[in-house]
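K.L.:
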Amino acid sequence: MGNRARFLVPVLAAGLLSAACSGGGGSSTPAATEASTGAVGGGGEFPRSETLYTSGTQWGPPANWNPMRDWDFATGTKGLVYETLFIYDPNTDRFSPWLAEGGDWTGDLEYTLRLRKGVTWSDGTPFTADDAIFTFELGKMETVPYHPLWSWMKSAAKIDDHTIVFRFGTANHQEWAHYLYSLPIVPKHLWEGRPEDEVMNGVNAKPVGTGPYAYRSHDQERMVWVRRDDWWATKALKKTVKPKYIVDIVNSSNEVAMGLLLQNGLDLSNNFLPGIGNLVKGGLGIRTYYDRPPYMLPANTAWMWFNTTRKPMDDREFRKAVAYAIDTRRIVEGVYGNLVKESDPTGLLPQWDKYVDKRVVSRLGFSYDPDKAKRLLADAGYKDRDGDGLVESPAGDKISLKLIVPGGWTDWMEAARVISTSAKAAGIDIEASFPDYNDLVDMRNQGKFDLVLNNDKQLANTPWLYYDYLFRLPVQKLQSTTNFGRYANARAWELTQRLDRVKPEDLEGMKKITSELQKIQLEDMPVVPLWYNGLWSQTTDGVWKNWPTSAPNGPKYPPAMWRNWLEMGGTLMLTELQPVSGG
Numbered sequence: 001m002g003n004r005a006r007f008l009v010p011v012l013a014a015g016l017l018s019a020a021c022s023g024g025g026g027s028s029t030p031a032a033t034e035a036s037t038g039a040v041g042g043g044g045e046f047p048r049s050e051t052l053y054t055s056g057t058q059w060g061p062p063a064n065w066n067p068m069r070d071w072d073f074a075t076g077t078k079g080l081v082y083e084t085l086f087i088y089d090p091n092t093d094r095f096s097p098w099l100a101e102g103g104d105w106t107g108d109l110e111y112t113l114r115l116r117k118g119v120t121w122s123d124g125t126p127f128t129a130d131d132a133i134f135t136f137e138l139g140k141m142e143t144v145p146y147h148p149l150w151s152w153m154k155s156a157a158k159i160d161d162h163t164i165v166f167r168f169g170t171a172n173h174q175e176w177a178h179y180l181y182s183l184p185i186v187p188k189h190l191w192e193g194r195p196e197d198e199v200m201n202g203v204n205a206k207p208v209g210t211g212p213y214a215y216r217s218h219d220q221e222r223m224v225w226v227r228r229d230d231w232w233a234t235k236a237l238k239k240t241v242k243p244k245y246i247v248d249i250v251n252s253s254n255e256v257a258m259g260l261l262l263q264n265g266l267d268l269s270n271n272f273l274p275g276i277g278n279l280v281k282g283g284l285g286i287r288t289y290y291d292r293p294p295y296m297l298p299a300n301t302a303w304m305w306f307n308t309t310r311k312p313m314d315d316r317e318f319r320k321a322v323a324y325a326i327d328t329r330r331i332v333e334g335v336y337g338n339l340v341k342e343s344d345p346t347g348l349l350p351q352w353d354k355y356v357d358k359r360v361v362s363r364l365g366f367s368y369d370p371d372k373a374k375r376l377l378a379d380a381g382y383k384d385r386d387g388d389g390l391v392e393s394p395a396g397d398k399i400s401l402k403l404i405v406p407g408g409w410t411d412w413m414e415a416a417r418v419i420s421t422s423a424k425a426a427g428i429d430i431e432a433s434f435p436d437y438n439d440l441v442d443m444r445n446q447g448k449f450d451l452v453l454n455n456d457k458q459l460a461n462t463p464w465l466y467y468d469y470l471f472r473l474p475v476q477k478l479q480s481t482t483n484f485g486r487y488a489n490a491r492a493w494e495l496t497q498r499l500d501r502v503k504p505e506d507l508e509g510m511k512k513i514t515s516e517l518q519k520i521q522l523e524d525m526p527v528v529p530l531w532y533n534g535l536w537s538q539t540t541d542g543v544w545k546n547w548p549t550s551a552p553n554g555p556k557y558p559p560a561m562w563r564n565w566l567e568m569g570g571t572l573m574l575t576e577l578q579p580v581s582g583g
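Take 1 as the starting number for the sequence shown in the numbering used here and just add one per residue.
Encoded structure:
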């Protein structure tokens, strides 16, 4: 997912500044020198004034162009090549027709979709209802990520070449709206007949899409896309993506990314770069969405999950005490230098503030208060019986918990150390532990952990996705995407399902249910929201200008190539860019 762009191993800001300003961060690497000169692997020359260089999403050589593989396809596969029916603007909470011309609920369990006419695939074949129906029906394959859709969708019927009627057993309005802008549509004439293994694991080496770019080339260090001058939106919407070429560079280190930014070898960096605030203020031509802390748009919430199947994490009073014991402000300021913001007690992102019930938060919310943590522990029977400064359980058992974060994620490792230190000051023994990422995933999914940090869920069109993440039932043997803490609350899950059935335009209906969910969340504390990770993004004006910014007259689209963000306005960002004269 997009949040992988925070996985780069950070270096100290001072060291990063030193390396970047001396030019030592990137000038000696092939990626740096070729990006600076406009050369791409294989000897092809790309005019610098027509080429957009990006980085921060690709963590190894491009491996596939399969839009079904949302976790590892080459940057731009979805968004630049394969498009969605609608696009969603998280800043305005509005949907805009894209491959679809429009759509409406035409019955309690029926949705009619009208497709845009005049759209063609990059091989010249017309785009029709057959393609959209085929794409949805791929979900009948059990390994396809959107297979659960077919537990409540009954059929997709073609009325004519540009009209489809979808019928449902349950009208899950929130989920459906999410699919309408997040599901990439693939061409039936090229995908039909592919076995399930190829659908999910195939490389799809010659991607054919409806989008503004086509595959140009790739090598071990980059992915290159070339503009399609026959893109449908140019005629239909009077929109044209400005860069002729997009070269996405595989990440190697912070120093390389910073060196490229300072040398105008990189136009858009979606890396997590500690110390960026000093560079933004340093007159070096590097810009961020905001010109002051937190510099970035919020993208996701970092949560700490309790394994509620283990003692004492099965005790909500203990969980509440832990929440009050965490000094999140120290993480925000000391670990991140204010590049992130402390989370609201609900965990809902600032863009979802309208769903936060301030009365519930005022009554049940928490903040760092070690004295309150100690009182909660004492009232629940947790006492320091041996005088070591750490409490034992009401039964007298020693409590020693491990908080796991991936080894090498140094910002999260430091955050885990802060959590450990502040918890111990309140009498709770929490040790930070740093397993290999793959080992951590196995432990997390199997429930073989005490505490774990996670930020999988990105900003989206609906807070339903967050509550599904927190409360989904039934608990499976493997919990790979939701409810890592195995928290079983039938009422919370029933409310989450009710929320799913509320129409997105029914704001009051959504707020009524989310208020109830916030009450359960804050009373039971199955998870502790900590901070908002940023949509890491740094830009330069050396070659391209008119980047998204908080300034009154600037574009407001997310300045990101992260997975799942191009259909939330990243593509429109490319239509707003302007070349710098003489760039």
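Even glycine gets a Cβ: it sits at the ideal position worked out from N, Cα and C. The structure presented is a predicted model; accordingly, all values stated were derived computationally and were not measured.
If you compare alpha carbons, which of Thr462, Trp464, Tyr437, Pro463 is closest to asparagine 454?
P.N.:
Taking only the C-alpha atoms, the option nearest asparagine 454 is Tyr437.
K.L.:
Among residues of its own chain, excluding the 5 on either side of glycine 285, which ones have a beta-carbon nearer than 7 Å to its beta-carbon?
P.N.:
Thr540, Asp541, Gly542, listed in sequence order.
K.L.:
Using the rule of at least 16 other Cβ atoms within 10 Å of the residue's Cβ for burial, across every protein chain shown, is proline 62 buried or exposed?
P.N.:
By the 10 Å Cβ count, proline 62 comes out buried.
K.L.:
Which residues in the same chain have their Cβ closer than 8 Å to the Cβ of leucine 403, if we skip the five residues on either side of it in sequence?
P.N.:
Correct list, in chain order: Met304, Ala416, Ile419, Ser420, Ile430, Glu431, Ala432, Ser433, Asp450, Leu451, Val452, Leu453.
K.L.:
What would DSSP say about proline 351, mapped onto helix, strand or coil?
P.N.:
According to the sequence displayed, residue 351 carries glutamine and not proline. Looking at glutamine 351 - three-state DSSP - the assignment turns out to be helix.
K.L.:
Classify alanine 490: buried if its beta carbon has 16 or more other beta carbons within 10 angstroms, exposed otherwise.
P.N.:
So alanine 490 ends up on the exposed side.
K.L.:
Let me know if aspartate 161 comes out buried or exposed under the rule of 16 or more other beta-carbons within 10 Å of its beta-carbon.
P.N.:
The residue in question, aspartate 161, is exposed, as its Cβ has fewer than 16 Cβ neighbours within 10 Å.
K.L.:
Beta-carbon separation of leucine 260 and leucine 266 under 8 Å?
P.N.:
Yes.
K.L.:
Start and end of the beta strand (DSSP E) containing aspartate 306?
P.N.:
The amino acid at residue 306 is misidentified as aspartate; the sequence shows phenylalanine. Taken as a continuous stretch (DSSP letters only), the beta strand (DSSP E) holding phenylalanine 306 covers 298-306.
K.L.:
Straight-line CA distance for glycine 43 to tyrosine 355?
P.N.:
Unreliable placement is indicated for glycine 43, whose pLDDT of 39 sits below 50; no coordinate value is reported for it.
K.L.:
Tell me the rounded alpha-carbon separation between proline 526 and aspartate 123.
P.N.:
In a straight line, the C-alpha of proline 526 is about 50 Å away from that of aspartate 123.
K.L.:
Between which two residues does the alpha helix (DSSP H) holding aspartate 219 run?
P.N.:
Looking at the DSSP string, aspartate 219 is not in any alpha helix (DSSP H); the run it does join, the beta strand (DSSP E), is 213-219.
K.L.:
Can you grab the Cα-Cα spacing for the pair alanine 39 / proline 90, in whole Å?
P.N.:
Confidence in alanine 39 is poor, its pLDDT being 39 and thus under 50, which makes the residue's placement unreliable; the coordinate value appears in the next sentence. Approximately 36 Å, taken between the alpha carbons.
K.L.:
Just verifying my parser: in three-state terms, what is the DSSP assignment at glutamate 45?
P.N.:
Note: glutamate 45 maps to strand in three-state DSSP.
K.L.:
What does DSSP give as the partner residue(s) for aspartate 160 in the beta ladder?
P.N.:
Partner(s): Thr163.
K.L.:
What alpha helix (DSSP H) runs, 4 residues minimum, are completely inside the region 304-345?
P.N.:
Runs of the alpha helix (DSSP H) inside the region 304-345: 316-325.
K.L.:
Check whether the Cβ atoms of valine 203 and threonine 135 sit closer than 8 Å, and answer yes or no.
P.N.:
Not a contact, by the Cβ cut-off of 8 Å.
K.L.:
Give every residue of the same chain whose Cβ lies closer than 8 Å to the Cβ of isoleucine 399, excluding the five residues on either side of it in the sequence, and list them in chain order.
P.N.:
Excluding positions up to five away in sequence, the list reads Pro312, Tyr382, Leu390, Val391, Glu392, Ser393, Ile428, Asp429.
K.L.:
Please determine, among Asp314, Lys235, Val335, the residue with the shortest C-alpha to C-alpha distance to leucine 530.
P.N.:
Taking only the C-alpha atoms, the option nearest leucine 530 is Val335.
K.L.:
In the structure shown, what three-state DSSP assignment does tryptophan 232 receive?
P.N.:
Three-state DSSP puts tryptophan 232 in a helix.
K.L.:
State yes or no: is the C-beta of serine 343 within less than 8 Å of the C-beta of threonine 309?
P.N.:
No, Cβ-Cβ distance for serine 343 and threonine 309 is not below 8 Å.
K.L.:
Return the bridge partner residues of glycine 102 from the DSSP annotation.
P.N.:
Arg114, per the DSSP bridge assignment.
K.L.:
From the DSSP output, which residues share a beta bridge with arginine 363?
P.N.:
The partner list for arginine 363 (beta bridge, DSSP) is empty, contrary to what the question assumes.
K.L.:
Excluding five sequence neighbours on each side, which residues of the same chain lie with their C-beta closer than 8 Å to the C-beta of proline 435?
P.N.:
Closer than 8 Å at Cβ, skipping near neighbours: Ile404, Pro406, Gly407, Met443.
K.L.:
Do the region 179-193 and the region 124-144 meet, that is, are 3 or more Cβ pairs less than 8 Å apart?
P.N.:
In short, these stretches touch, since the Cβ pair count reaches three.
K.L.:
Specify the secondary structure class of threonine 496 as computed by DSSP and reduced to three states.
P.N.:
The answer is helix: DSSP assigns threonine 496 an H, G or I state.
K.L.:
Would you please state the rounded distance, in angstroms, between the beta carbons of glutamate 50 and glycine 209? I believe it to be under 8 Å.
P.N.:
Contact doesn't hold; Cβ gap of about 21 Å is too wide.
K.L.:
Exposed or buried, what is glycine 75 when buried is set at 16 or more other beta-carbons lying within 10 Å of its beta-carbon?
P.N.:
Residue identity differs from the one stated: residue 75 is threonine in this sequence, not glycine. Counting Cβ neighbours within 10 Å, threonine 75 comes out buried, since at least 16 surround it.
K.L.:
As a quick exercise: from Ser422, Gly387, Ala380, pick the residue whose alpha carbon is nearest that of arginine 330.
P.N.:
Per the Cα distances, Ser422.
K.L.:
Measure the beta-carbon distance from glutamine 518 to threonine 346 and round it to whole angstroms, keeping in mind my assumption that it falls under 8 Å.
P.N.:
The Cβ separation is near 5 Å, so the contact holds.
K.L.:
Who pairs with phenylalanine 95 in a beta bridge, going by DSSP?
P.N.:
Per DSSP, Tyr88.
K.L.:
Among all the DSSP beta bridges, which residues are the ones paired with tyrosine 179?
P.N.:
None, per the DSSP bridge assignment.
K.L.:
Check for me: the beta strand (DSSP E) holding proline 529 runs from which residue to which?
P.N.:
Unbroken beta strand (DSSP E) run through proline 529: 527-534.
K.L.:
Near leucine 478, what residues of its chain come up, given a Cβ to Cβ distance below 6 Å and the 5 sequence neighbours on each side ignored?
P.N.:
Only Asn445 meet the Cβ criterion.
K.L.:
Secondary structure at tryptophan 565, three-state DSSP: helix, strand or coil?
P.N.:
Tryptophan 565 falls in the coil class under three-state DSSP.
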